[in-house]
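Have a look at the structure below, then the notes.
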Amino acid sequence: MQIIVAGAAGQGSKKAGLLIGKLFNHYGYKIFIHEDYESVIKGGHNFSQISVSKEEGSAISERVDYLLALNKEAIEKHIPKLKKGGVLLYDDQIEGLEESIFPKGVDKESAPLKSFVEKAEGIDLMKNTALVAAFAKMAGLEWEEVKKVLERELPVKTEKNLEVAGLAFEGMEKRGEVEKLSEEPSYLLSGNQAVALGALQAGLENYYAYPMTPSTGVLRFLSGIDGVRTFQPESEIAVINSALGSAYAGKRTMIGTSGGGFALMTEGISFSAQAEIPLLITLSQRMGPATGVPTYTAQADLSFALSSGHGDMVRLIAAPGDTKEAYLLSGKCMNMAWKYQLPAILLLDKELAENTYSTKRDFHIEKEEAVIGEESEDYLRYEGEDISPVCFPGGEATVKVSGYEHDKKGIATENAEEIKEMHEKRLRKYEKLKNEVESLSEAVKVHKEGETTVVFWGSSKGAVLEATKEMDVGVLQILFMQPLPEERIKEALKGKEKIICVETNATGQLANLLSCAGVKVSEKVLKYDGRPFTVEELKRRLEVSK
Amino acid sequence: MTNITLPTKNTWCPGCGNFGIQGALAGAVSEMDKRKVVLVSGIGCHGKMADYLNINSFYSLHGRAIAAGAGVKLGNEELDVICSVGDGDAYSEGIAHLLHGARRNSNITVIVHDNHVFSLTVKQRTATSPKGFAGSTTPKGSVEDPINPLELMLNAGASFVARSYSGNPKHLTRLIKEGVSHQGFSFIEVLQPCIAWYNTYESYNERVYEMENEFLSMEEALKKAKEWDYNNDQAQIPLGIFYKEERETLEKQIGGSSFVDVGSILEKTK
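If you're matching them up, the sequences are chains S and G in order.
Under my numbering, the letters of the first sequence match residues 1 to 546, in that order.
Under my numbering, the letters of the second sequence match residues 1 to 270, in that order.
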């Protein structure tokens with residue numbers, strides 16, 4: 001079932017969408033909520049599209065079963081998406097609707113949301129609660145169950161909200177049936193939350209960020225958790241340099257941003273590689289270039305991340321496709337950043353960062369200790385063949401780190417031999433990392449075998465898996481971008497007739513990366529309008545390409 | 001002092017003001033628990049301090065030492081963080097970190113090696129070069145007025161504001177010790193002649209004087225800070241601790257890190 005809840009910013013359509021998601025989650029269904037909003041505080045147009053299914057998935061369809069509208073624009077914009085036999089539920093205060101906009105076979109049902117709210121002497125915003133309850137009744141949910149969920153999810157003015165919901169539920173006619181499944185409710189996580197939780201399980205202690213959509217959710221989430229030290233400094237430049245300071249002092253630190261902020265951080269990323277200070281950076285991509293389209297999605301910062309930071313530097317880059325992978329890779333990358341003492345970049349995009357997914361935690365992540373050095377007066381920070389055992393300041397060891405090329409002690413050097421040797425030390429470390437990535441089961445996923453193979457990365461996962469379900473094609477997902485698990489990719493694509501790359505960017509950045517590794521991509525299916533692929537659109541385009 | 005100075009080859013020009021600051025810093029640190037001290041330096045001649053002293057050090061990027069130092073303190077509050085920065089670091093490239101560090105009262109000590117010139121890149125004007133300064137990129141003289149760092153820091157909310165002179169290491173040693181023991185953002189501006197490009201020894205020796213009364217009120221401190229505007233080459237230059245106030249530090253106010261029960265957070269997302 002696909003449901004759209006839409007209204008102006010400030011009318012609470014997002015909250016209504018989440019409540020509907022929680023209701024079906026409570027009934028044992030798997031949920032995916034796609035958020036679409038403009039860069040405004042009040043007014044504008046926002047909508048949430050909720051997909052409810054017995055199986056996990058993270059894709060939206062072009063056609064929906066329910067449209068729940070809080071204003072006129074919501075109806076006008078989304079009415080063409082309503083399936084035949086679909087239901088439009090809308091606020092009866094909405095005036096001036098042209099009859100001609102309604103497709104044939106659409107079922108219109110107005111609800112007196114305002115009068116429900118007024119009867120309960122609630123505030124105008126509670127119209128969204130009324131809408132949720134009215135929908136719940138129509139869809140066929142039971143009041144007792146609805147009440148349980150609303151009570152828990154509306155901690156502010158709970159009584160009043162319940163009164164409004166009760167009146168709305170009472171006032172509508174039941175139309176459908178919803179079977180309550182025996183499945184336990186799932187964890188409902190956004191990518192931002194999943195990244196935070198994964199990092200926490202791998203020992204995250206400090207999180208620093210400067211607000212930037214769509215990454216701000218990580219800071220919002222972590223700043224509400226006791227036990228995490230969060231800090232919002234004056235700029236992304238301060239963010240990364242402070243994080244480097246904290247990591248040097250021994251604290252597992254993560255930072256988060258989007259493209260523009262990431263651009264400001266790049267000198268610090270280079271420092272992290274040079275001084276061998278571990279750092280986990282979440283880069284939630286949005287549509288660029290420059291300020292671009294701040295609240296819309298793109299996978300267009302891959303090439304930038306791959307070469308972020310000046311100099312011949314080493315880094316780790318991973319790109320999860322859903323919240324479960326975000327959770328797992330966040331933890332893994334935190335551990336690997338500390339093991340190999342380098343910057344690790346987690347590539348998300350607006351879709352994964354802010355959408356809500358039913359998330360299974362059927363894997364194990366825990367903090368893996370870094371290679372710790374022995375505390376002594378003659379400690380040398382950069383000793384060894386590849387990974388140098390690390391000590392933190394405060395004890396017997398004098399710990400000297402530097403952004404200059406340095407000797408084993410950490411003292412700046414201009415000596416030709418020493419410069420060469422330090423470069424090679426870091427490169428040997430990177431070779432080790434590459435070997436580990438090649439051996440990770442999560443690095444590459446063959447979802448399906450087929451002569452024509454669709455290759456994708458990141459949040460297109462849901463749409464790709466759904467669109468190719470009944471298509472005679474193979475499906476390959478790449479989760480580690482640097483070091484690129486080339487052997488594994490070549491093995492998976494060996495002898496394939498046709499390779500099609502699916503990406504939400506304008507130039508085919510994964511296709512370019514693959515061509516550097518000697519893999520020739522035959523077709524690119526690209527989308528660069530800020531929106532994710534819908535299942536139907538991707539199906540159509542793959543049918544043409546394959 | 002021997003165990004604090006490393007045998008690294010020193011490449012400062014003979015007679016460089018940095019030697020005076022190094023002596024003062026080494027003297028101050030020798031009276032502290034050396035293991036707990038972290039020196040965070042910026043980029044410029046002053047930054048080499050990190051390579052010359054046998055103490056924990058973080059040789060940061062140009063302009064970023066104060067941000068990095070704030071991070072070190074947020075990472076481990078037991079550490080005494082001393083940021084050695086140049087006027088290029090603090091007043092140009094990284095002035096935002098200086099202002100916000102003072103405002104939020106990061107518990108770190110910032111020593112600015114202010115020689116009024118970019119020296120390592122061979123004589124360009126900085127934010128404290130006097131108007132008319134003839135550098136390699138301003139051959140006809142700089143047309144910009146300098147900032148007055150003390151006035152700036154008093155207005156920004158630094159809870160410890162002082163000025164010293166590299167030619168008076170004894171005075172500077174006392175100020176560094178006072179600055180480090182102060183709980184809050186300690187700002188120490190150090191006048192440092194650049195023997196190669198802007199030799200101010202004679203002028204400073206004639207004009208600097210130690211204030212008899214320190215720890216002034218904000219109003220008096222501002223007045224005192226204005227005695228010399230960094231432009232006038234005749235005015236007397238007061239040295240000492242202009243201002244100090246006890247204020248809750250950033251680190252004491254923002255939450256610390258401790259065990260987090262991920263399972264219970266997850267349960268709430270159902």
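We treat Cβ as the ideally placed atom computed from N, Cα and C, and that holds for glycine.
Because the structure is a prediction, the values reported are computed rather than measured.
For residue i, which of helix, strand or coil comes out of DSSP?
i	result
leucine 204 of chain S	coil
arginine 531 of chain S	coil
valine 262 of chain G	helix
leucine 6 of chain G	coil
aspartate 80 of chain G	strand
glycine 85 of chain S	strand
threonine 359 of chain S	strand
leucine 71 of chain S	The residue you asked about is not leucine; residue 71 of chain S is asparagine in the sequence shown. Coil, per DSSP.
glycine 394 of chain S	coil
tyrosine 66 of chain S	strand
tyrosine 243 of chain G	strand
tyrosine 201 of chain G	helix
serine 257 of chain G	coil
histidine 182 of chain G	coil
serine 277 of chain S	Position check: residue 277 of chain S holds isoleucine in this sequence, whereas serine was assumed. Isoleucine 277 of chain S falls in the coil class under three-state DSSP.
tyrosine 430 of chain S	helix
serine 48 of chain S	strand
lysine 270 of chain G	coil
alanine 26 of chain G	helix
leucine 18 of chain S	helix
cysteine 16 of chain G	coil
valine 293 of chain S	strand
isoleucine 43 of chain G	coil
Given a cut-off of 8 Å on the beta-carbon distance, is the pair residue i and residue j in contact?
i	j	result
serine 159 of chain G	arginine 247 of chain G	yes
leucine 150 of chain S	alanine 165 of chain S	yes
glycine 24 of chain S	leucine 68 of chain S	One point to set straight first is that residue 24 of chain S is phenylalanine, not glycine, in the sequence displayed. Result no, Cβ atoms of phenylalanine 24 of chain S and leucine 68 of chain S do not sit closer than 8 Å.
asparagine 115 of chain G	proline 193 of chain G	yes
glycine 542 of chain S	alanine 467 of chain S	Inspection of the sequence shows that residue 542 of chain S is occupied by leucine rather than by glycine. Going by C-beta atoms, leucine 542 of chain S is nearer than 8 Å to alanine 467 of chain S.
aspartate 51 of chain G	threonine 8 of chain G	yes
asparagine 206 of chain S	alanine 68 of chain G	no
aspartate 378 of chain S	serine 284 of chain S	no
methionine 153 of chain G	alanine 235 of chain G	no
lysine 30 of chain S	serine 186 of chain S	yes
leucine 280 of chain S	alanine 318 of chain S	no
So residue i contacts chain S; which residues on that side make the cut at Cβ distance below 8 Å?
i	result
serine 166 of chain G	Within 8 Å Cβ-Cβ: nothing; serine 166 of chain G doesn't reach chain S, min ~22 Å.
glycine 255 of chain G	Asp226, Gly227, Val228, Arg229 and Thr230
threonine 8 of chain G	Ile411
arginine 174 of chain G	Per Cβ cutoff of 8 Å: no residues; arginine 174 of chain G is ~25 Å from chain S at best.
Contact defined as beta carbons within less than 8 Å: I believe residue i pairs with residue j. What is the distance between those atoms, to the nearest angstrom?
i	j	result
lysine 36 of chain G	glutamate 78 of chain G	6 Å
glycine 198 of chain S	glycine 331 of chain S	4 Å
valine 371 of chain S	leucine 342 of chain S	About 13 Å separates the two Cβ atoms, so there is no contact after all.
arginine 64 of chain G	histidine 100 of chain G	13 Å between Cβ atoms; not a contact.
aspartate 472 of chain S	glycine 450 of chain S	6 Å
threonine 453 of chain S	valine 475 of chain S	7 Å
lysine 177 of chain G	phenylalanine 215 of chain G	That pair is no contact at about 15 Å.
phenylalanine 242 of chain G	arginine 163 of chain G	7 Å
List the residues of chain G that residue i touches, going by C-beta distances under 7 Å, in chain order.
i	result
isoleucine 269 of chain S	Chain G residues near isoleucine 269 of chain S: none, gap ~11 Å exceeds 7 Å.
glycine 395 of chain S	Arg35
asparagine 161 of chain S	Near asparagine 161 of chain S there are no residues of chain G at all, since even the closest Cβ is about 18 Å away, more than 7 Å.
glutamine 201 of chain S	Val262
Interface residues of chain G around residue i at Cβ under 9 Å?
i	result
asparagine 206 of chain S	Gly71, Leu74, Gly75 and Ser257
leucine 189 of chain S	Leu266 and Thr269
lysine 42 of chain S	Chain G residues near lysine 42 of chain S: none, gap ~28 Å exceeds 9 Å.
So with CB distances below 7 Å, who are the chain S contacts of residue i?
i	result
aspartate 51 of chain G	Ile411 and Ala412
phenylalanine 58 of chain G	Gly245, Tyr248 and Val401
valine 112 of chain G	Neighbours of valine 112 of chain G on chain S: none; closest Cβ ~17 Å, over 7 Å.
Which bits of chain G does residue i rub up against, with CB to CB less than 8 Å?
i	result
serine 53 of chain S	Chain G residues near serine 53 of chain S: none, gap ~17 Å exceeds 8 Å.
*Which ranges would you report for the alpha helix (DSSP H) in the stretch 170–257 of chain S if only whole runs of at least 4 residues count?*
Runs of the alpha helix (DSSP H) spanning 4 or more residues and lying entirely within the stretch 170–257 of chain S occur at 191–201, 216–223 and 236–248, in chain order.
Problem set entry | Contiguous alpha helix (DSSP H) assignments of at least 4 residues, all confined to the stretch 50–121 of chain G | Restricted to the stretch 50–121 of chain G, the alpha helix (DSSP H) segments that are unbroken, complete and at least 4 residues in length are 65–75 and 95–104, listed in chain order.
Report task. Enumerate, from N- to C-terminal direction, the unbroken beta strand (DSSP E) stretches of 3 or more residues contained entirely within the stretch 495–546 of chain S. Result -> Listed in chain order, they are 498–503 and 523–526.
Those runs of the alpha helix (DSSP H) which lie wholly inside the stretch 307–374 of chain S and span at least 4 residues: Assignment of alpha helix (DSSP H) within the stretch 307–374 of chain S, counting only whole runs of 4 or more residues, yields 323–340 and 350–354 in chain order.
Which ranges would you report for the alpha helix (DSSP H) in the stretch 136–180 of chain G if only whole runs of at least 4 residues count? Runs found: 149–156.
**Study point:** Whole runs of the alpha helix (DSSP H) within the stretch 114–179 of chain S, excluding any shorter than 4 residues
**Key:** The alpha helix (DSSP H) runs of length 4 or more contained entirely in the stretch 114–179 of chain S are, from start to end of the chain, 127–139, 143–153 and 158–171.
Query - Entirely enclosed beta strand (DSSP E) segments - the stretch 466–494 of chain S, minimum 3 residues - result: Scanning the stretch 466–494 of chain S for uninterrupted beta strand (DSSP E) segments of 3 residues or longer gives 474–478 and 480–482, listed from N- to C-terminal end.
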